[in-house]
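Asks: Top to bottom, those sequences are chains A and B. With the working numbering applied, the first sequence closes on residue 455, and no number is skipped along the way. With the working numbering applied, the second sequence closes on residue 630, and no number is skipped along the way. Can you read through this structure? Questions will come right after.
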Amino acid sequence: MLEGYRGKLASLLVSKGIDIGDKIRVRKGNLEVEGILFPSFSKYDDILVIKMDNGYNIGLKIDGDEIYLVCKKSVAENKETKGGEKSRGEVKIISTGGTIVSKIEYETGAVKPALTTEDILEYLPQIREIADIDAEVLFSILSENMKPEYWTKIAEETKRALDEGSKGVVIAHGTDTMTYTASALAFSFSQMTGPVIMVGSQRSSDRPSSDSPINLYSSVLLAKKSPFAEVSVLMHGESSDTYTLAHRAVKTRKMHTSRRDAFQSINDIPLAKVKWKNNEIVMMRNDFRPRGNHNTLDSKFDTRVFLLYYYPGMDPSFLETIRDKVKGIIIAGTGLGHTSEEFEPYFRSMTKDGIFIGMTSQCLFGRVNMNVYTTGRKLQNAGVVPLGDLLPETALVKLMWILAHTNDVEEVRKMMLKNLAGEFNFRHSEQLFPRWYHE
Amino acid sequence: MSDLGVKIGLEIHQQLETHKKLFCDCPSVLDDSYKVTLTRKLRPVTSEMGDVDVAALFEWKKGKSYLYLAPDRSSCLVECDEEPPHEMDREAIKIALGMALALNSTPIDEIYVMRKIVIDGSNTSGFQRTAIVSLGGFIEDKEGKVGIQTIAVEEDAARKVEDKKEEIIYNLDRLGFPLIEISTAPDIKSPEQAERVALEIGQLLRMTGRVKRGLGTIRQDLNVSISGGTKVEIKGVQRLELISTIIENEIRRQKTLLEIRDELKSRGVTEEVLRNLKVIDLTSIFTETGSKIIKAGLSSNGKVIGIKLPKMSGIMGREVMLGRRFGTEVADYVRVLAGLGGLFHSDELPNYGITLDEVNKVKETLEVKQGDGFIILVGDQEKLNIAAQIIKDRLIQALTGVPKETRGAEDDGTTRFLRPQPGSARMYPETDIPPISSFELIEEAKAYVPQSPEVKLKHFIEMGLNEELANLILRSPRIDTFEYLTEKYKNVSPVFIATLLENTLKYVKSKGGNLNLIDENVIETLVKEISEGKINKDSVADILIEFSTENGKKRISLEEIISNFHSISEDTLVTIIREEIEKNKEELLKRRDKAFNILMARVMGRVRGKAEGKLVAELIRKEVDNLLR
């Protein structure tokens with residue numbers, strides 16, 4: 017239990033019966049320091065971390081100095097979680113990890129996820145004013161560790177909640193891979209009684225400036241009241257705390273590593289704007305899928321796919337190493353949809369073997385067009401399928417879903433080109449491209 | 002003073018000049034121009050709920066917003082709380098370690114950056130990043146050693162631009178400036194010692210050569226208590242000269258509050274009595290009032306309430322410090338905690354447009370008898386309810402003496418209630434920044450140990466100052482101004498600048514000048530004018546006297562005053578002299594041996610302050626010779 021302590025110092029602490037959270041005293045030269053033992057994150061073995069009475073942590077190098085145990089950590093009484101009244105909430109909140117809600121333990125500095133219904137209501141009492149909620153922890157995994165098999169579980173749990181009468185489902189998710197999960201759900205549901213709102217936060221909820229309360233509040237409001245029954249990603253609309261945006265799952269991308277408004281609709285406009293302060297939902301488009309009578313789910317994924325990010329000079333013979341492992345490849349090609357000509361014979365041979373190869377663009381904005389240049393035509397000739405304005409990640413998830421349903425390469429091609437969840441936008445108006453204005 | 006058991010601790014915050022901010026790569030410069038603004042909310046974090054009013058959580062949605070101005074030059078995504086902090090600036094840590102060595106403080110081996118929760122909006126993140134660099138130490142003082150408790154490096158807060166009802170506006174330029182915080186033990190026993198120790202630490206800081214200069218770059222917080230009193234925090238003392246006045250005021254306040262406690266007890270006022278004070282609606286008495294404050298309060302659907310204070314006649318009027326009565330203290334609580342102005346008490350009425358007739362009706366309604374006091378309040382009903390409770394609570398505290406509170410320093414050396422003192426600081430580790438090993442930096446930190454005073458003294462003497470003046474400057478709070486000006490205006494003699502700072506200002510004060518008006522900018526402006534030959538040295542004292550003695554309201558601008566003193570060219574001088582000779586020719590020719598004196602008097606009468614006497618005399622002598630030849 018001596019988190020972070022190693023070697024001699026760890027054994028010394030053990031021999032004195034000292035644990036994380038205990039009050040200890042250290043005498044070091046003419047300095048005497050008293051405080052609570054904290055976990056160590058030092059790269060050195062001999063650093064002892066103490067939280068002093070004034071709240072500060074300090075690291076002291078222990079080299080034959082005296083350490084005393086003053087008193088053991090007082091055991092915090094474990095609050096009984098009320099399991100009794102199992103309300104079937106109007107809105108179901110499914111947590112998959114990430115800390116949309118968390119508590120800080122000032123004594124040990126630990127940030128703990130707080131995800132029971134009671135925890136969430138304690139964190140955000142305003143939710144009571146808009147909906148009756150019911151929360152559930154499905155996973156507790158970092159979003160980079162998410163896998164297609166978890167997508168399926170999330171989809172099934174979502175269906176259960178909707179079937180049981182929830183007006184909408186909120187899924188708390190780490191932001192890094194949130195759009196992959198969102199796309200997976202979007203392709204899995206062909207009909208829904210209510211929306212799925214994927215929500216996350218870019219500033220952790222243990223800080224007063226977190227974007228999580230506004231995002232969570234907006235997502236509950238939207239889950240309950242939205243006219244649409246689609247999978248969407250809801251995050252801040254701008255850096256200010258003024259409004260949030262719900263993006264169509266298959267058109268969304270995380271476009272900034274850290275900003276609150278990192279999530280953007282690419283080649284399309286968002287579904288809705290939520291003016292959370294007035295509990296107001298403003299629909300931004302009217303071609304949404306409305307709430308249906310029942311929920312149709314088909315959530316299977318074949319992971320034998322590969323996302324190939326092309327770069328100048330890339331050696332096409334690398335393809336030989338993945339050839340036996342994949343049933344499909346999505347290329348993030350250059351510009352209108354290219355790789356070097358050298359790839360042509362490799363692609364030709366692979367597609368002949370029944371491997372699907374689809375082309376998207378590294379540009380993200382705009383659609384591929386493989387008729388404009390000779391290389392594009394040659395690649396098409398080799399069997400590469402241009403995928404319009406699909407985002408590379410969306411295309412990949414879509415391919416996984418299709419490959420789990422058919423092995424027929426012609427069928428795969430047809431389905432890849434069919435607009436299943438609004439992933440294609442055939443009209444790009446002028447204002448769909450963001451401009452960076454400089455003076 | 003010693004029999005009062007006075008204990009004083011100092012916290013000195015000084016901005017460091019590392020040319021960049023503590024947790025990002027922005028330059029540490031102030032900038033008022035901005036194109037981007039951000040609106041944000043802050044919300045108390047869950048685990049604080051034990052201490053924070055649960056109502057604060059409900060407040061979040063409709064409560065205050067913060068508007069941040071984000072100047073392009075001095076803020077980036079880090080200040081916007083849109084990007085994690087960069088690594089902590091190593092130079093700031095080295096400066097702090099240098100100070101630690103100078104103050105006999107022990108550097109801690111590994112430095113941990115902490116988040117200290119602050120939700121007044123002054124930090125976009127909702128916390129201030131701060132790290133202790135060393136522990137213990139002392140500074141020698143002639144009244145005895147004063148212990149050092151901690152030396153910390155922390156980020157400065159955003160700069161408040163405007164406080165509106167629903168929104169506070171902050172400029173992000175100052176957010177993230179590196180600060181050093183030096184906290185002494187409560188070993189200081191007198192106001193004079195406090196001022197001296199602050200001065201000494203301030204000087205040591207300046208001698209690192211790595212601190213920012215000018216008003217607002219150094220701020221002192223004071224912790225003051227007397228025996229039987231309470232440790233009261235006084236925040237934001239910007240001027241060293243005020244420290245002793247502020248402390249004297251606080252000692253007097255605590256003493257008076259203890260006297261009030263004893264008085265209340267001896268009169269038989271108990272907690273029971275105070276808890277059951279009755280609140281009575283007095284609105285009907287004031288429907289036709291001439292009092293502007295009450296009229297304004299009533300116009301927006303307000304009410305007037307009254308509270309009888311049994312056996313408390315004279316208590317509210319008791320002066321706790323210059324210009325502040327016990328009633329003012331209570332009114333401050335009501336203003337800060339209930340957001341309500343307009344409190345009147347029996348010891349100040351009739352006044353403020355409230356007539357004797359109205360006072361008598363109030364007394365009658367409240368059944369105020371000889372020896373009783375009362376309070377009346379105007380405002381909207383909801384706030385009045387809160388205010389009544391706050392008044393009761395504050396009066397109950399008076400029975401125990403001095404409440405634990407944080408006070409703010411005013412420019413005149415008085416202080417006023419800011420907020421109740423928070424419990425222990427809410428701190429948790431800044432997980433975005435790895436710990437920093439100080440032992441890897443300590444060798445380099447030695448370069449920042451401040452120069453000893455002896456070395457400085459020698460340097461000043463080499464600049465041409467005599468020993469007395471050099472010593473004066475060395476001990477002066479204006480030492481950094483001196484160094485800055487001599488460095489920047491190399492053609493102005495250091496002796497002149499030192500004399501200006503140490504002697505001329507004293508002279509100006511003796512002539513009734515208000516030194517508060519003469520800040521560093523004023524002084525620099527004058528030195529610059531001299532450096533450019535626009536005014537002469539003799540006129541400086543006159544300019545400063547004129548600038549600082551005029552009536553505050555219709556003061557003439559410095560520029561205007563200076564323009565009246567602009568030096569006259571030699572040609573113009575000669576013209577003036579010739580004019581005077583022409584006008585007085587007969588007399589001059591008659592009284593030949595007095596001619597020089599007569600002319601000198603006439604001419605100086607016209608050009609005093611605009612020309613040096615020496616030059617005038619020289620020119621007159623020439624002209625007189627010509628005339629009499």
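Every residue gets a Cβ at the ideal spot worked out from N, C-alpha and C, and that includes glycine. Note that this is a predicted model, so its numbers are computed, not measured.
Go ahead and pull the three-state DSSP assignment for Gln396/A.
Replies: In the structure shown, Gln396/A sits in a helix (DSSP, three-state: H, G or I).
Asks: By how many angstroms is the C-alpha of Phe372/A removed from the C-alpha of Tyr362/A?
Replies: Rounded to whole angstroms, Tyr362/A to Phe372/A spans 13 Å at the Cα level.
Asks: Would you please verify whether the beta carbon of Pro430/B is less than 9 Å from any beta carbon of chain A?
Replies: Closer than 9 Å: yes.
Asks: Could you give the DSSP three-state label for Ser27/A: helix, strand or coil?
Replies: Looking at Ser27/A - three-state DSSP - the assignment turns out to be helix.
Asks: In whole angstroms, what separates the C-alpha of Gly16/A from that of Leu11/B?
Replies: Because chain A in this structure spans residues 17 to 455, residue 16/A falls outside the shown range and cannot be described.
Asks: Which chain B residues sit within Cβ distance under 7 Å of Asn231/A?
Replies: Under the 7 Å cutoff, chain B gives no residues; its nearest Cβ is about 12 Å from Asn231/A.
Asks: So, Met100/B versus Ile183/B, is the Cβ gap smaller than 9 Å?
Replies: It is a contact, given that the beta carbons lie within the stated cut-off.
Asks: Is Ser568/B close to chain A, meaning its C-beta is less than 9 Å from at least one C-beta of that chain?
Replies: Answer no: the Cβ-Cβ gap between Ser568/B and chain A never drops below 9 Å.
Asks: Quick one: is Glu111/B buried, meaning 16 or more other Cβ sit within 10 Å of its Cβ, or exposed?
Replies: Classification of Glu111/B: buried, given that the 10 Å Cβ count is 16 or more.
Asks: Which residues does DSSP pair with Ala632/B in a beta bridge?
Replies: Since the first residue shown for chain B is 2 and the last is 630, residue 632/B is missing from the structure and cannot be characterised.
Asks: Is Pro229/A buried or exposed, if buried means 16 or more other CB atoms sit within 10 Å of its CB?
Replies: Pro229/A is buried by the Cβ-count criterion.
Asks: Curious, which full-length beta strand (DSSP E) runs of at least 3 residues does the region 269-353 of chain A contain?
Replies: Fully enclosed beta strand (DSSP E) runs of 3 or longer: 279-281, 288-291, 296-299, 321-325 and 344-349.
Asks: Going along the chain, which unbroken runs of the alpha helix (DSSP H) with 4 or more residues stay wholly within the region 492-516 of chain B?
Replies: DSSP runs (the alpha helix (DSSP H)) wholly in the region 492-516 of chain B: 495-500 and 506-511.
Asks: Could you tell me the distance, in whole angstroms, from the CA atom of Glu18/B to the CA atom of Leu486/B?
Replies: If I take the Cα positions, the gap works out to 17 Å.
Asks: Who are the Cβ neighbours of Arg320/A in its own chain at under 6 Å, not counting the five residues just before and after it?
Replies: The answer, listed in chain order, is Val342 and Lys343.
Asks: Which of the residues in the region 17-41 of chain B, read from start to end, lie with their CB under 7 Å from any CB of chain A?
Replies: From the region 17-41 of chain B, only Leu39, Thr40 and Arg41 have a Cβ closer than 7 Å to chain A.
Asks: Provide the residue span of the beta strand (DSSP E) that contains Phe345/B, from first to last.
Replies: Leu344 to His346 is the extent of the beta strand (DSSP E) around Phe345/B.
Asks: Which residues of chain A have a Cβ atom closer than 7 Å to the Cβ of Gly127/B, listed in chain order?
Replies: The contacting residues are Arg223, Pro224 and Ser225.
Asks: Do you know whose CA, among Leu265/B, Ile462/B, Gly307/B and Leu259/B, lies nearest Val280/B's CA?
Replies: Taking only the C-alpha atoms, the option nearest Val280/B is Gly307/B.
Asks: Express the C-alpha separation of Asp26/B and Lys529/B in angstroms, rounding to a whole number.
Replies: Roughly 33 Å between the two C-alpha positions.
Asks: Given Ile474/B, which residues of its chain have a CB within under 8 Å of its CB, disregarding the five upstream and five downstream residues?
Replies: Answer for Ile474/B: Phe461, Leu466, Ile480, Phe483, Ala499, Leu502 and Glu503, listed in chain order.
Asks: May I ask which residues mark the beginning and end of the beta strand (DSSP E) holding Ala71/B?
Replies: Counting along the chain, the beta strand (DSSP E) containing Ala71/B begins and ends at Ser66 to Ala71.
Asks: Counting only beta-carbon atoms, is Arg22/A nearer than 9 Å to chain B?
Replies: Not closer than 9 Å to any Cβ of chain B, the Cβ of Arg22/A fails to qualify, so no.
Asks: Beta-carbon separation of Lys615/B and Ser568/B under 9 Å?
Replies: No, the pair does not count as a contact, with Cβ atoms beyond the cut-off.
Asks: Taking a contact to mean a Cβ-Cβ separation below 9 Å, would you say Met214/A touches Val249/A in this structure?
Replies: Going by C-beta atoms, Met214/A is nearer than 9 Å to Val249/A.
Asks: Determine the closest residue to Arg364/A out of Leu323/A, Arg451/A and Pro332/A, with distance taken between C-alpha atoms.
Replies: When each option's Cα is compared against that of Arg364/A, the closest is Pro332/A.
Asks: For Met115/B, which residues in chain A fall below 8 Å Cβ to Cβ?
Replies: Neighbours of Met115/B on chain A, chain order: Gly71, Tyr72 and Asn73.
Asks: For Met162/A and Thr337/A, I'd like the C-alpha separation in whole angstroms.
Replies: Straight-line Cα distance between these residues: approximately 25 Å.
Asks: To which residues does DSSP link Gly75/A through a beta bridge?
Replies: Per DSSP, Val65/A and Glu111/B.
Asks: Looking only at its chain, what residues have a beta carbon closer than 7 Å to the beta carbon of Pro108/B, apart from the 5 residues adjacent to it on each side?
Replies: Correct list, in chain order: Leu98, Ala101, Val134, Ser135, Ser439 and Ile443.
Asks: Can you pull the chain B neighbours of Tyr60/A, defined as C-beta to C-beta under 8 Å?
Replies: Result: Glu111 and Ser438.
Asks: Kindly indicate which three-state DSSP category Ile544/B falls into: helix, strand or coil?
Replies: It is helical.
Asks: Between the C-alpha atoms of Lys267/A and Gly184/A, what's the straight-line distance to the nearest angstrom?
Replies: Rounded to whole angstroms, Lys267/A to Gly184/A spans 20 Å at the Cα level.
Asks: Can Ser377/A and Gly399/A be called in contact, C-beta distance under 9 Å?
Replies: Contact flag unset, no.
Asks: Just confirm the distance between the C-beta atoms of Phe287/B and Glu359/B, as a whole number of angstroms; I'd bet it's less than 8 Å.
Replies: Contact holds; Cβ gap of about 7 Å.
Asks: What does Lys236/B pair with, by DSSP beta-bridge criteria?
Replies: DSSP, once it has assigned bridges, lists Gly409/B as partnering Lys236/B.
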